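Protein chains in written order, with the working numbering: chain A, 392 to 703; chain B, 18 to 351; chain C, -15 to 362.
Backbone N, C-alpha and C define an ideal beta-carbon position, used for all residues, glycine too.
A quick note: this is a predicted structure, and the numbers were derived from the prediction, not measured.
So the structure is just underneath, and the comments pick up after that.
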Amino acid sequence: MTPSAPIVEAREVSKRFGALVAVDRLSFAVPPGEIFGLVGPDGAGKTTTMRMLAGVMRPDGGQIVADGVDVLAHPEQAKRHISYMPQRFGLYEDLTVDENIRFYADLFDVPRDVRETRAAAMLAASDMLPFRKRLAGQLSGGMKQKLGLTCALVHTPKVVLLDEPTTGVDPLSRREFWQILYGLRAEGVALVISTAYLDEAERCDRLALLHGGRMVHCDTPAGLKARMPGAMLEVVSPEPRRARDALAGQPGVRGVLLIGIGLHVHVDAAGRSAGIAAALAAAGVPVSEIAEVAPSIEDLFVALLDNAETPA
Amino acid sequence: MNPPDAALATTSAAPAIAVDGLTKRFGAFTALDGVSFAAGQGEIMGFLGPNGAGKSTLIRILCGLLHPSAGQARVAGIDVARQPEAVRARIGYMSQKFSLYGDLSVVENLRFFAGIYSVPRAEMAGRIAYAVAMAGLGGQENTLVANLAGGWKQRLALGAAILHRPPVLFLDEPTSGVDPESRRRFWELIHTLSGDGVTVLVSTHYMDEAEYCHRIALIARGRLIALGTPLEIKRHSLDGELLALACADLGRALPLVQGAAGVRDAALFGSRIHVTVDEAARRGPELEALLAARGIAGATARPIAPTMEDSFVSLVGKAALNAATSANAAGARP
Amino acid sequence: MKLRRIQAIAVKEALQIVRDPRSLMIALLVPLMQMVIFGYGVNLDIRHIPLCVLDHENGQQSRNLVARFAASNYFSLRRAAGSDREVAQALDEGDCGIALVIPADFSQRLNDGGRATVQALLDGTDSNTANIAAGYAKSVVAAFSAAAQLDAVQRRGGTLQTQTPVGVEARVWFNEALESRNFIVPGIVALVMAIVGAQLTSLTIAREWERGTMELLVSTPVQPMELMIGKLLPYFAVGLADAAICLGLAVFWFEVPFHGTVATLLFTSSLFLTVVLCIGYLVSVSIRSQVGASQVALLATMLPTTLLSGFSFPIEQMPAAVQAATFLVSARYYVEILKAVFLKGAGVVELAVPILCLALYAAVVVVLAARAFRKTLD
Chain A
392 MTPSAPIVEA
402 REVSKRFGAL
412 VAVDRLSFAV
422 PPGEIFGLVG
432 PDGAGKTTTM
442 RMLAGVMRPD
452 GGQIVADGVD
462 VLAHPEQAKR
472 HISYMPQRFG
482 LYEDLTVDEN
492 IRFYADLFDV
502 PRDVRETRAA
512 AMLAASDMLP
522 FRKRLAGQLS
532 GGMKQKLGLT
542 CALVHTPKVV
552 LLDEPTTGVD
562 PLSRREFWQI
572 LYGLRAEGVA
582 LVISTAYLDE
592 AERCDRLALL
602 HGGRMVHCDT
612 PAGLKARMPG
622 AMLEVVSPEP
632 RRARDALAGQ
642 PGVRGVLLIG
652 IGLHVHVDAA
662 GRSAGIAAAL
672 AAAGVPVSEI
682 AEVAPSIEDL
692 FVALLDNAET
702 PA
Chain B
18 MNPPDAALAT
28 TSAAPAIAVD
38 GLTKRFGAFT
48 ALDGVSFAAG
58 QGEIMGFLGP
68 NGAGKSTLIR
78 ILCGLLHPSA
88 GQARVAGIDV
98 ARQPEAVRAR
108 IGYMSQKFSL
118 YGDLSVVENL
128 RFFAGIYSVP
138 RAEMAGRIAY
148 AVAMAGLGGQ
158 ENTLVANLAG
168 GWKQRLALGA
178 AILHRPPVLF
188 LDEPTSGVDP
198 ESRRRFWELI
208 HTLSGDGVTV
218 LVSTHYMDEA
228 EYCHRIALIA
238 RGRLIALGTP
248 LEIKRHSLDG
258 ELLALACADL
268 GRALPLVQGA
278 AGVRDAALFG
288 SRIHVTVDEA
298 ARRGPELEAL
308 LAARGIAGAT
318 ARPIAPTMED
328 SFVSLVGKAA
338 LNAATSANAA
348 GARP
Chain C
-15 MKLRRIQAIA
-5 VKEALQIVRD
5 PRSLMIALLV
15 PLMQMVIFGY
25 GVNLDIRHIP
35 LCVLDHENGQ
45 QSRNLVARFA
55 ASNYFSLRRA
65 AGSDREVAQA
75 LDEGDCGIAL
85 VIPADFSQRL
95 NDGGRATVQA
105 LLDGTDSNTA
115 NIAAGYAKSV
125 VAAFSAAAQL
135 DAVQRRGGTL
145 QTQTPVGVEA
155 RVWFNEALES
165 RNFIVPGIVA
175 LVMAIVGAQL
185 TSLTIAREWE
195 RGTMELLVST
205 PVQPMELMIG
215 KLLPYFAVGL
225 ADAAICLGLA
235 VFWFEVPFHG
245 TVATLLFTSS
255 LFLTVVLCIG
265 YLVSVSIRSQ
275 VGASQVALLA
285 TMLPTTLLSG
295 FSFPIEQMPA
305 AVQAATFLVS
315 ARYYVEILKA
325 VFLKGAGVVE
335 LAVPILCLAL
345 YAAVVVVLAA
355 RAFRKTLD
């Protein structure tokens, strides 16, 4: 096996709930040592995909392979090498940090000494050693999340599936959380992560943009940004609402977003700034600066989905 | 008679929110420690901070739900400690756990809240129609709220919070768990309200959302550690300049970078290392050379503008350091 | 099956039980309270039936008879009536449950060696009580006439040995005092254990669904059977404590005579406990909300146990179809076993049939419960 052979692979996976097609012939492959991000709006099929990968939900069609094991044919065998962290992570709030770790370690048959060293190392890495005897219910949101990850990783999985792991976690804890994920990546673990924080999506090695159960785009963050149609202009103005109204219907303007200091204007091509400036001047809107800025993943997301919805 | 306009007229002279030395203690724990700021009419002010930093405590005091231990706060010109009921009639409040009734329809929910806020009967139909239109829920008036998608629920909750046309709106993590497109629509609404003169105080975890605010207040351990426009915060928060470093072997490169001269902080960020240095123009080439010398190929460092998250982490880290040193100093005393 | 995983689940579950002392107290106090309430509430013995006497003779023999009625525990003399109208009034008003009318020639007839008749009038609105009261009245009169006969014979100079030999003497075995409490209380033990046992486990799975811990649990390699055994073990311990409380109350508080061995009791009670815990678990697996699971478990155990286990309504007197249905009620076997162990001192050998039935029942429920658990979110 070459190191770049995929360790998790979904082939043409579909799932229907009644008339609703939640996931529609989704295919992707994640090699070891990659963080693969699933990004998309509510109802795009992120959670359903995660559940199918984890073997807790059966797809209606397609195939899923994890570490060489067919997840659909042998879900129990596959589960030994998969670690799944659902959105509502299954911590027992009436058990202590240590008791939670021991429970999951035992379920995965982790030898006691291995569990001890691994748990100690992971808790130390996330600054949680002083809290080993504390009830999980009394931890802060960020600490719960880190404990969840420790429990999920105590059996040294080869595949880690994280469903919106950092929702409601503050940036500081998120950053620590990601350092743990990078540690896993360095160990050759394949990670699939879904997130609603698009600034977080930039931390992934590759991203799949899901919409309506389908994969709309799949590339590295830089590759995706290169696909951004047109350009993004930042207009600094004390009267952003008037500026927005003035730009409505202007040639080349695809979208306008109000921000604190003014507007972000999505234009169809670079070199539109002169036209924009003229339109704003004509409407008498005071403008202090117009500059091209790098699009964020969120800008990109909105632009690409607009494109996906309008058939070519 | 138009009471909301009258309310706006009385507040236009004074700031919509004026907070001075606000402190809240729960037993020995100080949740809020001498916070002062003011927000003008129509201003969107963002509150950022780690969990448990005191954001919710502050919002609850300003809503008249908690009594401050010390200091003063006026909302729409009214002292929150002295006249909490009067304050509540002039504010809209929405939290991430905003309790809409899932088993009631959109309109039934709005009618309920209109009743709670004693919206005059004659105006009720008009205000509800406005809230429905503003939230983009036209055609869904009779849908049960439980059947609405997350983003729609949030917009309906906002619609319910402004039925009585409050001059001040408090939003406590309103977009938690809502997808990006819905969040953008939601922020459009907030800007529309702001344009109508409503002062909006919003707490959030989303760093990109902070950019939508006119001004940002950063709270850590109950203290206000930074206050300014997003641009000001980003420019002045970082202790140095930021480099994005791309190279082959990230795992091996990271400790080398962390130990290099002029490097104040280095952390993995996707397929790059974000390095805070004292002087980007000088340290960039130095780091490239260092990695090349250690046999790590393809090292390129380029200066980048710090993101709001970089600023946040840096500022909160500094505040924690200060707190630790002062605690140590206090502990050293007999 | 891996012992390690079963142990992990059992330890976790036990910790959760211990961390929630309030629920544990309830689990132990509820059977205690139920035993006391049912033990006193469901009492088929009838005592101190108010008695009204209309003694037309008012002689020595008639007063003797009345004294016998008054001395028995069954009746208490409430009123001495002067006329038939007064008797009718006493019964109408519910002042008395029974009226005894003694004719004026009562003593004379007795002394003549003839047949004396007394009349007992009963309030039949509660036919059950009336029947029992009539029975008691007959036995009091029978005792009286036996004594009177003996007296008459002796007065004629005869001896007891020459007394007419044919006499039917009924003797009740196993429950000499014919105390209904003695066979009701073991039944109540079964009822309480069925309710409490199913309640204990009805929440375990539903709770994991509600708290969101189940999604992760099904993504681990844990097997349904391991999950079930691990979850049932700690509740089995709690259930045994409940059984000890119930049985202890039966013996030491209600003073039900105990003729069997503790080993038989422990074995059969464990078997029954397994059945009811598994029923609760089955309910929990099928219903994902805690409130729903708890209610269904209560309904599924309490109703059939109360009506069809034979603890209060004799199975032999039920219609054939209902009798057949009682075979599906696990408590029926346990009630049978408990009564036999308590009152007859029966051992495992004598109880082979109900024990085997209960074991078969346990096996079926175990398999059903393990199968009902699907490791999927679909």
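| field | From A:Glu625, A:Val399 and A:His657, residue whose alpha carbon lies closest to that of Met619 (chain A) | value | A:His657
| Same chain, Cβ closer than 6 Å to Phe427 (chain A), neighbours up to 5 away in sequence not counted | Val421, Val583 and Arg597
| field | Start-end ranges of the alpha helix (DSSP H) lying completely within the segment 308 to 343 of chain C, minimum 4 residues | value | 314 to 323
| query | Hey, which unbroken runs of the alpha helix (DSSP H) at 4 residues or more fall wholly within the segment -7 to 56 of chain C? | reply | 5 to 25 and 44 to 55
| query | Do three or more CB pairs link the segment 33 to 44 of chain B to the segment 79 to 95 of chain B at distances below 8 Å? | reply | yes
| query | If you drop the 5 nearest sequence neighbours on each side, which residues of the same chain put their C-beta closer than 7 Å to that of Phe408 (chain A)? | reply | none
| task | Alpha carbon to alpha carbon, how far is Lys359 (chain C) from Glu711 (chain A)? Give it in angstroms, no decimals. | result | In the structure as shown, chain A starts at 392 and stops at 703, and residue 711 (chain A) therefore has no counterpart that could be examined.
| Boundaries (first-last residue) of the alpha helix (DSSP H) holding Ala228 (chain C) | Pro208 to Gly232
| message | I need the DSSP call for Cys542 (chain A), collapsed to helix, strand or coil. | response | helix
| request: State the beta-bridge partners of Gln58 (chain B) as determined by DSSP. | output: For Gln58 (chain B), which the question treats as bridged, DSSP gives no partner whatsoever.
| Neighbour flag for Val693 (chain A) against chain B, beta carbons, 8 Å | yes
| message | Can you check whether the C-beta of Tyr573 (chain A) is within less than 8 Å of a C-beta belonging to chain B? | response | yes
| task | Measure from the C-beta of Leu361 (chain C) to each C-beta in chain A and report whether the shortest distance is under 8 Å. | result | yes
| Which chain B residues sit within Cβ distance under 9 Å of Ala512 (chain A)? | Under the 9 Å cutoff, chain B gives no residues; its nearest Cβ is about 16 Å from Ala512 (chain A).
| task | Determine which residues share a DSSP beta bridge with Gln279 (chain C) and list them. | result | Note: Gln279 (chain C) sits in no beta bridge, so no partner.
| said: Quick check: is the beta carbon of Ala445 (chain A) nearer than 8 Å to any beta carbon in chain C? | reply: yes
| For a contact meaning CB atoms closer than 9 Å, what does Met448 (chain A) contact in chain C? | Thr360, Leu361 and Asp362
| task | Taking a Cβ distance cut-off of 9 Å, strictly less, list which residues of the segment -11 to 21 of chain C are near chain A, in chain order. | result | Arg(-11), Gln(-9), Ala(-8), Ile(-7), Val(-5), Lys(-4), Leu(-1), Gln0, Arg3 and Asp4
| Would you call the segment 248 to 256 of chain C and the segment 323 to 336 of chain C in contact, with 3 or more CB pairs under 8 Å? | yes
| Can you name, in chain order, every residue of its own chain whose Cβ lies under 8 Å from the Cβ of Gly532 (chain A), other than the five neighbours on each side? | Gly559, Val560, Asp561 and Ser564
| query | What's the C-alpha gap between Glu689 (chain A) and Ile213 (chain C)? | reply | 49 Å
| request: Please compile the residues from chain C whose C-beta is within a distance smaller than 7 Å of the C-beta of Phe499 (chain A). | output: Thr204 and Pro205
| Which residues share a DSSP beta bridge with Met111 (chain B)? | B:Leu188
| Can you name the residues of chain A whose CB is closer than 8 Å to the CB of Lys(-14) (chain C)? | Asp500
| Who are the near neighbours of Leu117 (chain B) in its chain, counting only those whose CB is closer than 8 Å to its CB and skipping five residues on each side? | Asn126, Val162, Lys170, Leu173, Ala174 and Ala177
| said: Does the CB of Val404 (chain A) have a neighbour CB from chain C at under 8 Å? | reply: no
| said: Quick check on the DSSP output: the beta strand (DSSP E) that includes Arg319 (chain B) runs from which residue to which? | reply: Thr317 to Ile321
| said: Give me the subset of the segment 589 to 623 of chain A whose CB atoms are less than 8 Å from a CB atom of chain B, sorted by chain position. | reply: Leu589, Asp590, Glu593, Arg594, Cys595, Asp596, Thr611 and Pro612
| task | Give a yes or no on contact between the segment 11 to 27 of chain C and the segment 46 to 61 of chain C, applying the rule of three or more CB pairs nearer than 8 Å. | result | no
| Would you say the segment 251 to 258 of chain C touches the segment 317 to 325 of chain C, given that touching needs at least three Cβ pairs under 8 Å? | yes
| Of the residues C:Ile(-7), C:Gln18 and C:Asp4, which one's Cα is nearest the Cα of Val176 (chain C)? | C:Gln18
| field | Interface residues of chain A facing Leu201 (chain C) [CB-CB closer than 9 Å] | value | Gly481 and Leu498
| said: Quick test of the definition: if touching needs 3 or more C-beta pairs under 8 Å, does the segment 177 to 192 of chain B touch the segment 88 to 107 of chain B? | reply: yes
| query | Can you tell me the Cα-Cα spacing of Lys616 (chain A) and Phe692 (chain A), whole angstroms? | reply | 9 Å
| message | Does Ile473 (chain A) come out as helix, strand or coil in the three-state DSSP assignment? | response | strand
| task | Could you name the residues of the same chain whose beta carbon sits closer than 8 Å to that of Arg99 (chain C), not counting the 5 residues immediately before and after it, in chain order? | result | Arg93
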